[in-house]
Amino acid sequence: MVKIKIKDLSFSYGSNKILDDLEIVVGDSEVLGLIGPNGSGKTTLIKCIDRILKPKGSIFLDGRDIKTMGRQDIARYLGYVPQSSSSVLSTTVFDTILMGRRPHMGWRVAEEDIDRVVETMELLNIEEFALKDFNELSGGQKQKVLVARALCQEPEVLLLDEPTSNLDLKHQLEVMEIIRDLVRKTDISAVMAIHDLNLASRYADTLVMLKEGRIYATGDPVSLLTSGNVRSVYGVEVVVIDSFETPYVVPIRSLNGGKASG
Amino acid sequence: MRRMVCVLVLMSCMSLAVMPAGASDYTLGIFGNANMDDTIDEDDIAYVEGIIDGTNERTELADANYDGKIDEEDITQIELIISGGEKELTLIDSADRIVTVHKPITRIIPLVDRDAKLMGVLGAEDKVVGVSSNIRDSIEYEIYHPELTERPSVGSWYTPDYEAILSLNPDLVIAYSTKAAELDENLPDITVIGFGSSTPEITIDQLVKVGYILDKRDEAEHYLEDFHDKYVDLIKARTQGLSEEDRPKVYVESSSGDYKTYTSTSVAQQLLDTSGGRHIFSELVSHSPFATIDPEEVMVKNPDIIIKYIPKGDVGYGVDDTSKAEALRVEIMNRPELANVTAVKKGHVYIVSSYLSYGLDYPVLLAYWAKWLHPDLFEDLDPQTIHQEYLTEFFGCNYDLNEHGVFVYPPLEEC
Amino acid sequence: MPPETAVKKADLKEEYTRFVGRKFLIMLIFFIGIIVLAGVAATLGSADISVGEVYAAILAKFFPDHFHATWFVDTIVWKLRLHRVLMAVVGGMGLAVAGAVLQGILKNPLASPFTLGIASAAGFGASLAIVLGAGFVGGEYLIVGNAFVFTLLASFTVYGLAKYKGITPETMILAGIAIMYLFSAMTSFLQYVGTSEEVQEVVFWMMGSLGRSSWSKVGLITVVLACCMPYLLLKSWDINAMGAGDETATSLGVNVEGVRVICMALVSLITACIICFTGTIGFIGLVAPHMTRMVIGGDHRFLLPASGLMGAILLLGADTVARTILAPVILPVGIMTAFLGVPFFVYLFMRRRKEYW
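Protein chains in written order, with the working numbering: chain A, 1 to 262; chain B, 263 to 677; chain C, 678 to 1034.
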């Protein structure tokens, strides 16, 4: 089943064109990585998909045109995990995750909602923080909580905006593992904007490389991550090592002027 | 000049101009005063008879018993009013409310201090059973109505304590006009009358009405004839014929700030007109009696006399030394912008206490002003004696003005 | 699932249930507090009547065969004291809920019903009535009508300005500040041209007082609260979500702009209804939600009603002190609540902890 189909998508902030003429397809149980340098539009694209921003073009969720869907319906289909979240209010971890049940809840919290929250917490190994204040957690723990919240929406697709940028090595790996496991075990898919090429390489099934708001290339990590592509898009000279399961990109040096050539 | 015009235009645009009613069309607002003059007497009976047989026009006040009809019963009511035996009296208060008072009135609570003085002049202070905190704490009352400061307090005039009022079981509460409706709502079954004495005419009107309410018409008459009218008419008579040039130009400054003067709707204007002066700012027309003006204007207009009010606490009742008044006078005379003004050059700068205002002591104030403006015309007039008469005759008070209290500076003997 | 996990899961659920239960308990305590305080407040006043007589008079209305009271006690209790006590309760409740909602939708801990310029507008309306005698409704409702209309006008203007630039917390607060200064300036001008009595009246009005309460006014405010509260409670989850950020809230299905606008409209309505009768009573809308948050947490499902209860307690307490401390002189309640604000902010300042703001 095609979870998400994006056609002719473009978006501008005022007169600045950020995204231009994008076409992407996301299938079942697939991890799709969006890669590209800063400013290439990764985060904007994620927000466009979730209708936080309103782009031109069409987006189809399981064949339905997103424009015909109500906000709640979209929230039941797409689970958004922001880059970071600092809540000004003090909330417990439990309540933060419980928020993810909103698309399914009325005002009353049902037994089922609580069960779902507990299960998700167990899945991500964060039960011990249940009644602690969210703001007191470390970056990695917070990220897990945000993933848990998105999972509680029981979405078909998880949208993650740079899930690992603020995390240490251990937590980066943990979060990525969790996402890949989820995708493998259920038929949830994930679309994540990620700047670390190696994590993208290791955990994504498909990669979409964005350059200046347009798609430069799409494909699996092996075919996409070549030094030529990286040079063109990132303006960086790299060496790609093929001896591991998935390609490993080793940066060498930045090219003169810093601008991508070609 | 242009600045003056701008100020005027601005004030006229932004505020409503209110002119006080002329004294000549005074109507006593009590139901029974059928011919709409200033008293209730036989003429009113005749007038009502005229209405009944169709020769006279109906008037609002002809309905003496306020039952909506004009008939014999109204005549009976008027007769009772004249003899002082009526059970009910309906009148119009200062808030334009129609109030029916049930007589006899034996328990009164006045909330504003000016109204409490009405009781004193009419000899009715024994009927006062409670007072506002303003009255209790007032120095003036310490002096001439000490028994009133002992009465139980019912809170301030603005936020009275209704429970305290109810506990004293009054049959008449005299409130400030803007608060009258509110008090009425919160004090069921108690008659609330609203007074707002902001001019001498209104004060007199209220005195007369209270005279009717308390059956003290004679005392009211006595005050009017033998004190108020006597002196006011005397002064008026002598100043009436004065021509423009004979009237000195006067600048009056209020106690609340430098160059805060009075407009044409203020009592100051009236005082000057009666005492034979020319108000240099009489062209100021405004809703408010106050206006702040440009010092340059005073220089340009060059007044012959400057009169300045000094706040109550600095001199007045209970203050025997003149130092504050003196200091104030010196301050004015030293203002560089006024150095060349006639009033300053000739030393015609007078300080007067804010205690003397437009209440029942109005003749005293008027006398001082008349004396300052026309010393030659009023050589036989001694304002301090008038003031003493006011205190002794009407309040039975021994406050010897020769020994105590400072109300004007410099003292008259030195002028 | 393995037994230990099952136990762990049950434990967690139980812990959460207790956590929620605690919040209900706190609200119950607040509620009882109001009843007790109201009971005490009804017995305080200048008239010399005993506690027993007060309660007898209250009960006499419902059980006339078993209890009776003299005309005097009945008048004092039913015509003076009770509606004032109830006015404090519903007024405090309304202002506190309004404050809590505003703090939630604007994500600003210093937001209160007066942040959006509402208080200044009401003050201007009252001044207009008092000084120039101009207004929308004649007669005794001149001041009330003006205060109400101008309050709503201010909110509407804030909304209009914000819509132009996007309805975010920042634009709303800035617009609110601009409106506040505008109306303050106009009020000052009116005070300048007013007579001293008029100025005094304006000043007193702006200090806030429950002395003008009446049964019909209490009834009106209660009806308004009864209509607005259910909607606000229903939107508690949305307000919670908005606290995590507009984007997160949108992704969870919340119509952020729409909720913000409707909440602001209801907050304005509630505030306008209350302050047109009482004058501008500050701090309740600011302090009550803060204090409540400290014990009950930031979940608006509980915070809104609990703030309301806390607001009722605060205003009732303040008014009772205001009318008894210098009896028979009655202090304006707005002064009492302002005094409340000072130690509270000193306390916040001293704590210097990041949580709970």
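All C-beta atoms in this analysis are idealised placements derived from N, C-alpha and C, irrespective of residue type, glycine included.
I need the DSSP call for residue i, collapsed to helix, strand or coil.
i                  : result
Ala734 of chain C  : helix
Leu779 of chain C  : helix
Ser283 of chain A  : Since the first residue shown for chain A is 1 and the last is 262, residue 283 of chain A is missing from the structure and cannot be characterised.
Phe701 of chain C  : helix
Leu787 of chain C  : coil
Gly27 of chain A   : strand
His484 of chain B  : helix
Leu1017 of chain C : helix
Arg509 of chain B  : coil
Gly802 of chain C  : helix
Val814 of chain C  : coil
Gly473 of chain B  : helix
Ile194 of chain A  : coil
Gly417 of chain B  : strand
Ile542 of chain B  : coil
Lys144 of chain A  : helix
Glu237 of chain A  : strand
When the cut-off is 8 angstroms and only beta carbons count, does residue i lie next to chain B?
i                 : result
Ile753 of chain C : yes
Lys690 of chain C : no
Thr872 of chain C : yes
Let's see if you can read the secondary structure: which residues bound the alpha helix (DSSP H) around residue i?
i                 : result
Arg214 of chain A : Looking at the DSSP string, Arg214 of chain A is not in any alpha helix (DSSP H); the run it does join, the beta strand (DSSP E), is Arg214 to Gly219.
Leu381 of chain B : In the sequence as presented, Leu is not what sits at residue 381 of chain B; that position holds Met. Looking at the DSSP string, the run of the alpha helix (DSSP H) that includes Met381 of chain B is Asp375 to Val383.
Ile455 of chain B : Segment Val454 to Phe457 is the beta strand (DSSP E) holding Ile455 of chain B; no alpha helix (DSSP H) there.
Leu963 of chain C : Ile961 to Ile973
Tyr624 of chain B : Tyr624 to Leu635
Lys170 of chain A : Leu169 to Lys185
Any beta carbon of chain A sitting closer than 8 angstroms to that of residue i?
i                  : result
Glu1032 of chain C : Residue confidence is low: Glu1032 of chain C scores 49 on pLDDT, short of 50, so the model does not pin down where it sits. Its coordinate-derived value is still stated next. Interface residue, yes.
Ser928 of chain C  : yes
Lys686 of chain C  : yes
Gly974 of chain C  : yes
Using the rule of at least 16 other Cβ atoms within 10 Å of the residue's Cβ for burial, across every protein chain shown, is residue i buried or exposed?
i                 : result
Ser615 of chain B : buried
Glu156 of chain A : buried
Cys904 of chain C : exposed
Thr501 of chain B : buried
Asp467 of chain B : buried
Pro681 of chain B : Given that chain B is displayed from residue 263 to residue 677, the structure contains no residue 681 of chain B and the question cannot be resolved.
Lys67 of chain A  : exposed
Asp583 of chain B : exposed
Met884 of chain C : buried
Suppose the cutoff is 7 angstroms on Cβ atoms and the five residues either side in sequence are ignored; what does the same chain contact list for residue i look like?
i                 : result
Ser29 of chain A  : Val183, Arg184, Asp187 and Ser189
Ile401 of chain B : Tyr579 and Gly580
Ser12 of chain A  : Ile18
Please tell me whether residue i has its Cβ less than 8 angstroms away from any Cβ of chain C.
i                 : result
Arg202 of chain A : no
Glu127 of chain A : yes
Lys142 of chain A : no
Phe11 of chain A  : no
Ser15 of chain A  : no
Residues in the same chain with beta-carbon distance under 8 angstroms from residue i, minus the five sequence neighbours each way, listed in chain order, please.
i                 : result
Lys700 of chain C : Ile973, Gly974, Asp976, Phe979 and Ala983
Thr218 of chain A : Ile24, Thr206, Leu207, Val208, Met209 and Leu224
Lys211 of chain A : Gly36, Pro37, Ser40, Ser232, Val233 and Ala260
Val240 of chain A : Leu225, Thr226, Ser227, Val230, Pro247, Tyr248, Val249 and Val250
For residue i, which residues in the same chain have their Cβ closer than 6 angstroms to its Cβ, ignoring the five residues on either side in sequence?
i                  : result
Lys612 of chain B  : Note that residue 612 of chain B corresponds to Tyr in the displayed sequence, not to Lys. Counting only Cβ-Cβ distances below 6 angstroms, and skipping sequence neighbours, we find Ile569 and Trp634.
Leu1008 of chain C : Ala999
Val603 of chain B  : Asn564
Following the continuous beta strand (DSSP E) through residue i, name the residue where it begins and the one where it ends.
i                 : result
Leu160 of chain A : Val157 to Asp161
Lys441 of chain B : Looking at the DSSP string, Lys441 of chain B is not in any beta strand (DSSP E), and its letter there is neither H nor E.
Lys912 of chain C : Segment: none, Lys912 of chain C is in no beta strand (DSSP E) and carries neither H nor E.
Glu319 of chain B : Where Glu319 of chain B is concerned, there is no enclosing beta strand (DSSP E), given that its DSSP letter is neither H nor E.
Pro422 of chain B : Unbroken run through Pro422 of chain B: none, as it is neither H nor E.
Ala204 of chain A : Looking at the DSSP string, Ala204 of chain A is not in any beta strand (DSSP E), and its letter there is neither H nor E.
Ile57 of chain A  : Note that residue 57 of chain A corresponds to Gly in the displayed sequence, not to Ile. Unbroken beta strand (DSSP E) run through Gly57 of chain A: Lys56 to Leu61.
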